[in-house]
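In the UniProt record's numbering, the protein residues as written are 1 to 517.
Only one structure is covered here, and it is reproduced in the block below.
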């Protein structure tokens, strides 16, 4: 078994997202002992028979485009920080390796940490379905959404704390006093007191939130308050997402970022876009074109498309890429198109793309929301239904998934983000980088990404389908406006939301954690 506490060179192993992974599965046997198993590829994980804690070690090089965003050379951390960190391990912990923005951030962030001389490790913590049911409620509540289940009481706290205690026991002997740890989102916050007791310097990063602290949000902060005293610093995408009672000096603003060199964000030419979308069956390949994937190849398996007709060449495309989550309002996007765009633009097509629900273990609502969208699609009048394409993106091959999303975003004429609540829209940032005109809800962190009339169009009321439809039609009709907004969006993304900015934020955070020793 490889010792994952040492830097390892795995460059002869297959590439995944342009990084080399060592994944070590730590499973609890019936006797309560810990065993370890190294495995490859990531898609071979079977979580059906055992609880696992998955460790990712990303130590490969980054390419020139990736490194150039940092504006430093490998290992060139500020001398003071390098002295403070020493040989400590920097741990990042979350609850899923695929299917969400946090996992996507960590895939490249841990790799970049190691590239610049830090010994960084990423642990994916698991739990039972009742645990994820509780944390999904916390997720919605922190966005300000009402909770139809009711109050958070002793039963929910017992599930939450029991899971945290179990996870903490598995970490004994793996983490060391003095190590640094960043916990991500409510799923991991319960670990904070345990890790602090083990002598770690703990920070918590919350990727969700709202500046409107409704009763459901306030009650959720009260539920989480016992665990919030342990982190030395708490990071938020927007400062106003922090609970009102939290000490200002503990709050760190860390907007998420994208990697311009990643498969999802690399520039694609028209032929590559055509080939990728033809491979998944979304549109017909030209008779003269080759395909990057055989019918049973990795790209072809990266998506399943529900449609009655393929996308015609040159048709205007409106796109939303989101999880099948009630807060992303995919059904609302469908109704906006059917009622307010399709009648005025009989040539326009809508593409709704989201992850395969079965591939996301910590999202118990995905299948139901996806089913609701499909039901709504089936009830549309035939002439409209023929112009709506539902794309389920497999997460089993992350690189193929990323290439398909890239092709969808590059092909789009207008990108939507009609979220009812949104902590920070990574898909908005991805579209900005690709120079796309965006129509989005003016909720959560989105107005910090795009300014109305400057880098996109914002709609104040995310439930106002008519206004959303008018904004989409405005962009479809005005090529000059669409190009101007897209160009400005790309520039703003380059200035604020690339991975180098986030890495520098982490370096500052680690310095603060260590100076509190």
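Even for Gly, the Cβ is constructed at its ideal location relative to N, Cα and C.
For this session: Just mark residue 118 as buried or exposed, buried being the case when its beta carbon has 16 or more other beta carbons within 10 Å.
Result: Residue 118 comes out buried.
For this session: Check residue 38 in the structure and name its three-state DSSP category.
Result: Any reading at residue 38 needs caution, since the residue's pLDDT is 24, under 50, leaving its predicted position unreliable; the model's value is listed next. If DSSP states are grouped into helix, strand and coil, residue 38 belongs with the strands.
Exercise. From this set, 191, 198, 167 and 341, which residue's C-alpha is nearest residue 178's C-alpha?
Worked result: Residue 198 is the option with its Cα nearest to residue 178.
Problem set entry | Distance, residue 335 Cα to residue 461 Cα | Rounded to the nearest angstrom, the gap between the Cα atoms of residue 461 and residue 335 is 15 Å.
Exercise. Is residue 169 buried or exposed, if buried means 16 or more other CB atoms sit within 10 Å of its CB?
Worked result: Burial call: exposed.
Problem set entry | Buried or exposed by the 16-neighbour rule on C-beta atoms within 10 Å, applied to residue 454 | Looking at its Cβ environment, which holds fewer than 16 other Cβ atoms inside 10 Å, residue 454 is exposed.
For this session: Output the boundary residues of the beta strand (DSSP E) element that contains residue 93.
Result: For residue 93, the uninterrupted beta strand (DSSP E) run begins and ends at 89 to 94, by DSSP.
Problem set entry | CB-CB length for residue 513 against residue 180, believed under 8 Å | For residue 513 against residue 180, the beta-carbon gap comes to about 6 Å, under 8 Å, which counts as contact.
Exercise. Roughly how many angstroms separate the alpha carbons of residue 510 and residue 106, rounded to a whole number?
Worked result: Computed Cα separation, rounded: 16 Å.
For this session: Determine the closest residue to residue 244 out of 212, 369 and 354, with distance taken between C-alpha atoms.
Result: Nearest option by C-alpha distance: 212.
Exercise. So residue 354 is in the beta strand (DSSP E); what residue range does that whole segment cover?
Worked result: Per DSSP, residue 354 belongs to the beta strand (DSSP E) from 349 to 355.
For this session: Using 10 angstroms around the beta-carbon of residue 247, count the other beta-carbons present and answer buried if the total reaches 16, otherwise exposed.
Result: It is exposed - the Cβ of residue 247 has fewer than 16 other Cβ atoms within 10 Å.
Exercise. Between residue 241 and residue 210, is the Cβ-Cβ spacing less than 8 Å?
Worked result: Here residue 241 is near residue 210, since their CB atoms are less than 8 Å apart.
Problem set entry | Whole-Å CB distance - residue 439 paired with residue 456, under 8 Å assumed | Correct: roughly 7 Å between the Cβ atoms.
For this session: List the residues that DSSP assigns as beta-bridge partners of residue 408.
Result: Beta-bridge analysis with DSSP links residue 408 to no other residue.
For this session: Say whether the stretch 412 to 423 touches the stretch 433 to 448, bearing in mind that this needs 3 or more beta-carbon pairs closer than 8 Å, one atom from each stretch.
Result: Output reads yes: the stretch 433 to 448 touches the stretch 412 to 423.
Exercise. Using 8 Å as the threshold, is the stretch 363 to 382 in touch with the stretch 322 to 332, meaning 3 or more CB pairs across them?
Worked result: The stretch 363 to 382 makes contact with the stretch 322 to 332, as at least three CB pairs between them are under 8 Å.
Exercise. Quick one: what does DSSP say residue 497 is sitting in, helix, strand or coil?
Worked result: In the structure shown, residue 497 sits in coil (DSSP, three-state: anything other than H, G, I, E or B).
Exercise. Looking at the structure shown, is residue 469 part of a helix, part of a strand, or coil, going by DSSP?
Worked result: The answer is helix: DSSP assigns residue 469 an H, G or I state.
For this session: Pull up the distance between the alpha-carbon of residue 255 and that of residue 382, whole angstroms please.
Result: One C-alpha to the other measures close to 42 Å.
Problem set entry | Residues sharing a beta bridge with residue 236, DSSP | In the DSSP assignment, residue 236 is bridged to 206 and 253.
Exercise. Nearest CA to the CA of residue 270: which residue from 261, 218 and 314?
Worked result: Of the listed residues, the one whose Cα sits closest to residue 270 is 314.
For this session: Give me the Cα-Cα distance between residue 196 and residue 215, rounded to the nearest whole angstrom.
Result: The straight-line gap from Cα to Cα measures roughly 30 Å.
Problem set entry | Bridge partner(s) assigned by DSSP for residue 283 | Here residue 283 is bridged, per DSSP, to 311.
Problem set entry | For residue 213, the first and last residue of its enclosing beta strand (DSSP E) | That residue, residue 213, is in no beta strand (DSSP E); it is neither H nor E in DSSP.
Exercise. What do you get for residue 516, buried or exposed, if any count of 16 or more other CB atoms within 10 angstroms of its CB means buried?
Worked result: With fewer than 16 other Cβ atoms within 10 Å, it is exposed.
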